[in-house]
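Residue numbers (the numbering used here), protein chains in the order written: chain A, 1 to 569; chain B, 570 to 652. One structure is given here, and the rest of the page talks about it.
See the structure below:
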């Protein structure tokens, strides 16, 4: 099936498709989004206005169930950062989209004045169905209703009440392999851009679809085998299968960089109650719906996800991940996994990002709107978001807006986006990534905690971050999961063979880095044209002045190093 | 001298009393991180285990002092370098 670019105009109730322009053909996922934004979106436009585009783009090697390599990227000019944005997720959306021959789906055109709509896409065509009965529904009941209407085999991308309210911390939710809307393009306010176009959901019916063609099937299979074997043999696979990302909690705590009570200290006295070890023990003891190992995409052999159930075995949330434990747990002084899990479910149902929402609640606590450790009050504040009260809308707009409105100076953001669960004063290489990534502070753009370096030495971080960022931008363009990376690192040539087997482009061993650097250069160009400058490539001033216990370190990587990385030359 | 050892994730051990993830060791003067690793019978596979002394990356030769905390951490995160 020939790949096409689909264009969706809700206001005109029109969907068209066209051949892929030559300069877009060799990009996918994050890289393709950056290219389309540069080609079609005025960088200084209103992110929630008619000139912005919302783009779904599966990665380059999506479609063949290569383990952990079927991710869907969604991007636009971000209403949160004002710059380029890509956020990727697992689930089934990428697979279905590719099976329908969709290289990119672009939501564009005027803003519809009213009503809510559901776009249904299938091999035989498209249609808009009224979605007014879904308006105001949380993501979980909305997904259930959509599954009832369209069947259990479709893929969905949908928004919750947060996206409907065009809140800047809102995301887009996709179904996992168990049909729950838990795979989320969470970061950067992509849900708000979808809500501005009054599209509640896209339904992708893959019936009659087919896997994308392989130019050299034998080469592709050889690359797949090499990579899969490397993943299976890697010690991190067993680690992630048993502990998931939650295993990072004790690690970050051990390094003194776990965000605690509004990023005021790097160790949490309640760590043993919210750690990955505690989570695993609890899941094994409780049984029922609990699953310590769970695949977020069909065919994944790592299975780092989980399902967390309560004492009676009923699901509390799936998955419960490290970044949420950090931002909604220790960052709020909450040391109870059940409470963290319930807050997580609520934030998901609102269709918001747990990182930015957790950081915003931390700001609210600093402003005296809740006490650290008071999970009931945190839940009540989430209730304000659901009701759409002024305070709720402030919190749902993310930590940066909350800090400005509530008069709080200690706000953990870069380019308006909240930091994930590594304080940059304790893991300074990750701080370089926060400062210099075109995406803003982001947990998927190049973490460095795993590197065998002194994380407090400011002089060794820039090159480390640059290399990690380039690799991650490459993986995001391929559609590969961050955790597939350790398999690829042990299987030299696998990416080359997968790309050449799929497309026959004759790429070399450096294809990952070439794709990554090209992507970062495109993103940088968009941000510069949008008005960003060196002052945007910095960690907040207070983190360069206020020491973080227990090491009492400040962020002190030199500005020259940050500018060198951020330039992507 | 007495040092505290923390065993992370897959290095935790089952025992009749339950899971052991922290212990104290009484070591002779001159002990290093390697002494801890040896006394626990852990094999360091390439750089798959991070050795952390008092919250900072260490190596096997790092000398220990009374009251130190040693963490043995199976390396994780989506970092993208070999290992």
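Heads up, the beta-carbon is just placed ideally off N, CA and C, and yes, glycines get one too.
Out of the options, which one is the CA nearest neighbour of residue i?
i	options	result
residue 572 of chain B	B/597, B/589, B/585, B/580	B/597
residue 641 of chain B	B/583, B/632, B/586, B/591	B/591
residue 135 of chain A	A/112, A/416, A/165	A/165
residue 364 of chain A	A/337, A/333, A/387, A/342	A/333
residue 99 of chain A	A/3, A/217, A/515	A/3
residue 245 of chain A	A/319, A/153, A/117, A/16	A/319
residue 499 of chain A	A/218, A/273, A/379, A/254	A/218
residue 529 of chain A	A/508, A/398, A/497, A/84	A/84
residue 171 of chain A	A/11, A/44, A/460, A/73	A/73
residue 51 of chain A	A/59, A/31, A/29, A/79	A/79
residue 523 of chain A	A/49, A/9, A/76	A/76
residue 63 of chain A	A/46, A/86, A/36, A/101	A/101
residue 149 of chain A	A/159, A/167, A/161, A/130	A/130
residue 205 of chain A	A/194, A/175, A/226	A/175
residue 532 of chain A	A/59, A/82, A/266, A/109	A/82
residue 492 of chain A	A/508, A/448, A/379	A/508
residue 125 of chain A	A/163, A/344, A/494, A/203	A/203
residue 56 of chain A	A/122, A/20, A/93, A/24	A/93
residue 600 of chain B	B/644, B/636, B/612, B/643	B/636
residue 382 of chain A	A/432, A/328, A/39	A/328
residue 390 of chain A	A/419, A/167, A/109, A/30	A/167
residue 315 of chain A	A/322, A/290, A/302	A/290
residue 22 of chain A	A/36, A/133, A/511, A/140	A/36
residue 20 of chain A	A/112, A/10, A/32	A/32
residue 386 of chain A	A/484, A/339, A/280, A/160	A/160
residue 97 of chain A	A/272, A/286, A/154	A/154
residue 511 of chain A	A/1, A/11, A/26	A/26
residue 646 of chain B	A/393, A/90, A/421	A/421
residue 520 of chain A	A/538, A/326, A/565, A/547	A/565
residue 88 of chain A	A/309, A/476, A/242	A/476
residue 12 of chain A	A/18, A/112, A/91	A/112
residue 127 of chain A	A/41, A/70, A/9	A/9
Starting from residue i, find everything on chain B with Cβ-Cβ shorter than 9 angstroms and list it in chain order.
i	result
residue 277 of chain A	577, 578, 581, 588, 590
residue 250 of chain A	575, 577, 578, 590, 640, 642
residue 459 of chain A	Under the 9 angstroms cutoff, chain B gives no residues; its nearest Cβ is about 15 angstroms from residue 459 of chain A.
Whose Cβ in chain B lies nearer than 7 angstroms to the Cβ of residue i?
i	result
residue 556 of chain A	The contacting residues do not exist; residue 556 of chain A stays about 16 angstroms from chain B at best.
residue 33 of chain A	Going along chain B, no residue has its Cβ under 7 angstroms from residue 33 of chain A, so there is no contact; the nearest lies around 20 angstroms.
residue 498 of chain A	Chain B residues near residue 498 of chain A: none, gap ~17 angstroms exceeds 7 angstroms.
residue 456 of chain A	625
Taking residue i as the query, report the chain B residues whose CB atoms sit under 8 angstroms from its CB, ordered along the chain.
i	result
residue 256 of chain A	624
residue 550 of chain A	624
residue 563 of chain A	Going along chain B, no residue has its Cβ under 8 angstroms from residue 563 of chain A, so there is no contact; the nearest lies around 23 angstroms.
residue 281 of chain A	588
Using a C-beta to C-beta distance shorter than 7 angstroms, which residues of chain A count as neighbours of residue i?
i	result
residue 643 of chain B	235, 239
Using a Cβ-based criterion (distance less than 7 angstroms to any ligand heavy atom), does residue i qualify as near the ligand ZN?
i	result
residue 367 of chain A	Looking for the ligand ZN in the displayed structure turns up nothing, as the structure carries no ligands at all.
**OP:** Residues of the segment 611–628 of chain B with a CB closer than 8 angstroms to any CB of chain A: list them in chain order, please.
**Re:** Residues of the segment 611–628 of chain B whose Cβ lies closer than 8 angstroms to any Cβ of chain A, in chain order: 614, 616, 617, 619, 621, 624, 625, 626.
Original post:
Pairing CB atoms from the segment 232–245 of chain A with CB atoms from the segment 172–189 of chain A, are three or more of them under 8 angstroms?
Top reply: These segments do not touch.
Subject >> Near-chain B residues of the segment 288–312 of chain A (beta-carbon distance less than 9 angstroms), N- to C-terminal order >> reply: Listed by position along the chain: nothing, the set is empty.
Original post:
Should the segment 372–381 of chain A be called in touch with the segment 165–185 of chain A, which here means at least 3 C-beta pairs below 8 angstroms?
Top reply: Fewer than three pairs of CB atoms, one per stretch, sit closer than 8 angstroms, so the segment 372–381 of chain A makes no contact with the segment 165–185 of chain A.
Subject >> chain B contacts made by the segment 213–246 of chain A, where a contact means CB separation under 9 angstroms >> reply: Taking 9 angstroms as the upper bound on Cβ-Cβ separation, chain B lies near residues 234, 235, 236, 238, 239, 240, 242, 243, 245 of the segment 213–246 of chain A.
**OP:** Examine the Cβ distances between the segment 624–640 of chain B and the segment 597–611 of chain B and report whether three or more of them are shorter than 8 angstroms.
**Re:** Counting Cβ pairs under 8 angstroms, three or more are found: they touch.
Original post:
Residue ranges of each alpha helix (DSSP H) run of no fewer than 4 residues wholly in the segment 226–266 of chain A, ordered along the chain?
Top reply: You should have 235–243, 248–254.
**OP:** Taking only beta carbons into account, state which residues of the segment 113–128 of chain A come closer than 9 angstroms to chain B, listed in chain order.
**Re:** Along the segment 113–128 of chain A, none of the residues has a CB nearer than 9 angstroms to a CB of chain B.
Original post:
Which runs of the beta strand (DSSP E) fall wholly inside the segment 430–515 of chain A and span at least 3 residues, in chain order?
Top reply: DSSP runs (the beta strand (DSSP E)) wholly in the segment 430–515 of chain A: none.
**OP:** Please specify which runs of the alpha helix (DSSP H), each continuous and at least 4 residues long, are wholly inside the segment 352–421 of chain A, giving them in chain order.
**Re:** As far as the segment 352–421 of chain A is concerned, its whole alpha helix (DSSP H) runs of at least 4 residues are 354–366, 375–387, 390–396, 399–406.
**OP:** Could I get the ranges of all uninterrupted beta strand (DSSP E) runs contained in the segment 602–626 of chain B, with 3 residues as the minimum, in chain order?
**Re:** Taking only runs of at least 3 residues, the beta strand (DSSP E) segments lying wholly in the segment 602–626 of chain B are 618–622.
Original post:
Three or more beta-carbon pairs under 8 angstroms between the segment 392–410 of chain A and the segment 346–361 of chain A, yes or no?
Top reply: A contact between stretches requires three or more CB pairs, one per stretch, nearer than 8 angstroms, and the segment 392–410 of chain A meets this requirement with the segment 346–361 of chain A.
**OP:** Would you check if there are 3 or more beta carbon pairs closer than 8 angstroms linking the segment 209–223 of chain A to the segment 502–518 of chain A?
**Re:** Output reads yes: the segment 502–518 of chain A touches the segment 209–223 of chain A.
Original post:
Do the segment 289–301 of chain A and the segment 326–345 of chain A make contact, defined as three or more Cβ pairs closer than 8 angstroms?
Top reply: Touching, no, given that fewer than three Cβ pairs across the two stretches are closer than 8 angstroms.
**OP:** Determine, using beta-carbon pairs with one atom in the segment 260–267 of chain A and one in the segment 454–466 of chain A, whether at least three such pairs fall under 8 angstroms.
**Re:** In short, these stretches do not touch, since the Cβ pair count stays below three.
**OP:** Mind the definition here: the segment 476–489 of chain A touches the segment 249–258 of chain A only if three or more C-beta pairs lie below 8 angstroms; say whether that holds.
**Re:** Here the segment 476–489 of chain A does not lie against the segment 249–258 of chain A, with fewer than 3 beta-carbon pairs under 8 angstroms apart.
Subject >> Secondary structure, alpha helix (DSSP H): runs of 4+ residues fully inside the segment 98–167 of chain A >> reply: Taking only runs of at least 4 residues, the alpha helix (DSSP H) segments lying wholly in the segment 98–167 of chain A are 139–150, 161–164.
Original post:
On the three-pair Cβ rule with 8 angstroms, is the segment 419–428 of chain A touching the segment 548–562 of chain A?
Top reply: Here the segment 419–428 of chain A lies against the segment 548–562 of chain A, with 3 or more beta-carbon pairs under 8 angstroms apart.
**OP:** Determine contact between the segment 440–456 of chain A and the segment 192–199 of chain A, defined as no fewer than three beta-carbon pairs at a distance below 8 angstroms.
**Re:** Cβ pair count under 8 angstroms is below three, so no.
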